[in-house]
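This report concerns only the one structure given below.
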Amino acid sequence: MALLLVLFLANTILPIFSEGSPQAADPPLIHHQIHLLRPQSGAGGSHVPGLSCLSWRLGVETNNIIGWRTIPQDCEGYVGHYMLGHQYRLDSKAVTYEALLYAQSLKLPNDGKNVWVFDVDETSLSNLPYYAHHGFGVEPYNATLFNKWVMEGKAPALPESLKLYSKLLSLGIKAVFLTGRPEDQRSATATNLKKVGYRTWEKLILKQPSETGTTAVVYKSNARKKLEENGYRIIGNIGDQWSDLLGTNTGNRTFKLPDPMYYLS
Ligand SMILES: *[C@@H]1O[C@H](CO)[C@@H](O)[C@H](O)[C@H]1NC(C)=O
Ligand SMILES: *[C@@H]1O[C@H](CO)[C@@H](O)[C@H](O)[C@H]1NC(C)=O
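So for the sequence shown, the numbering used here puts the first residue at 270; every next one is plus one.
Laid out in structure tokens, this is it:
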């Protein structure tokens, strides 16, 4: 009898739950489930609020939409709610959780040469306090204002990345911070990282004056190549931009954090 009940549950209730769970993370989708299949406008149906910005964000996160300079004007509210609400944190957590499972599954030589590459902005540190005052990416990038914010050294940690960082250290994997920030922001960056809990690292690599003008993909590939030439094994690599993760010497696995606010090539 008990077995029958289990089979009954497995065949009836569980499929309903498992079909429902992706929508459960995003309540508006449950409501609009059917409507999503309709055209957005014209004779076929009315506009579904939020849909086009959600598609835009998916396109950005999958690297289908590239080379953009600012987020669509109409998506400022959507991106703001995403970044300040639960979903950004849940999405970040899903990424760092997978990264941790992967790291825990490895049997690594204990020779001090295992490293994990962390990007800085929107990965180790969050500039959300800055972007919240600048339209979440609607305003074109303003180097003067952003650099001023960086020099204040007040960026909080992205909590999910900080947690991953601590667990990796306990697994004997050292951190390498690789950032597109220029060398003259080294001390502000180091102070900021330390202040929010990144207490130690193997290297903090910043962009040298001679590298000004090289794309992030090229600059970061070269830096990772140099690491490997120096005997380091890049076990993992995490960043919010595809340019953190593409190119050469990318590491054994890459992990893409969400960032619908800006694009760097
Ligand atoms: C950046 O912001 C400052 C201060 O608001 C402004 O004076 C400057 O013109 C802006 N620069 C660009 C390139 O928009
Ligand atoms: C990482 O990749 C290299 C090169 O493909 C391989 O030799 C090594 O076993 C991999 N290490 C891990 C931990 O997967």
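Just so it is clear, CB atoms sit at the ideal spot from N, CA and C, and this is done for glycine as well.
Rounded separation between residue i and residue j - CA only
i      : j      : result
PHE524 : GLY505 : 8 Å
SER435 : ALA444 : 9 Å
GLU539 : LYS382 : Residue numbering for the chain in the displayed model covers 270 to 534; residue 539 lies beyond these limits and cannot be assessed.
ILE335 : MET530 : 12 Å
LEU515 : HIS350 : 29 Å
LEU305 : SER374 : Low confidence applies here, because LEU305 scores a pLDDT of 46, under 50, leaving its location unreliable and the question unanswered by this model.
GLY500 : ALA492 : 13 Å
THR331 : GLY508 : 13 Å
GLU391 : ASP380 : 30 Å
LEU359 : LEU327 : 15 Å
HIS402 : CYS322 : 20 Å
THR484 : GLY441 : 31 Å
Three-state secondary structure assigned by DSSP to residue i
i      : result
TYR532 : coil
VAL389 : coil
THR523 : strand
MET270 : Model confidence at MET270 stands at a pLDDT of 40, short of 50, so the residue's coordinates are unreliable; what they give is reported in the following sentence. Looking at MET270 - three-state DSSP - the assignment turns out to be coil, as it is neither helix nor strand.
GLY516 : coil
ALA424 : coil
LYS472 : strand
GLY224 : The shown model of the chain, from 270 to 534, leaves out residue 224, and the question about it has no answer.
N- and C-terminal bounds of the alpha helix (DSSP H) containing residue i
i      : result
PRO398 : 397-401
PHE376 : For clarity, residue 376 is Lys in the given sequence; the question names Phe instead. Here LYS376 belongs to no alpha helix (DSSP H), and DSSP marks it neither H nor E.
GLY346 : 345-353
ARG455 : 455-464
VAL487 : 485-498
Start and end residues, beta strand (DSSP E) containing residue i
i      : result
GLY449 : 443-451
Cross-strand partners of residue i (DSSP beta bridge)
i      : result
VAL384 : LYS443, ILE503
Closest residue to residue i among the options (Cα-Cα distance)
i      : options                        : result
LYS362 : ASN396, GLY346, GLU429, THR481 : GLU429
THR448 : THR460, SER490, ASP388, ASN396 : ASP388
LEU437 : VAL386, TYR400, ARG455, GLY422 : VAL386
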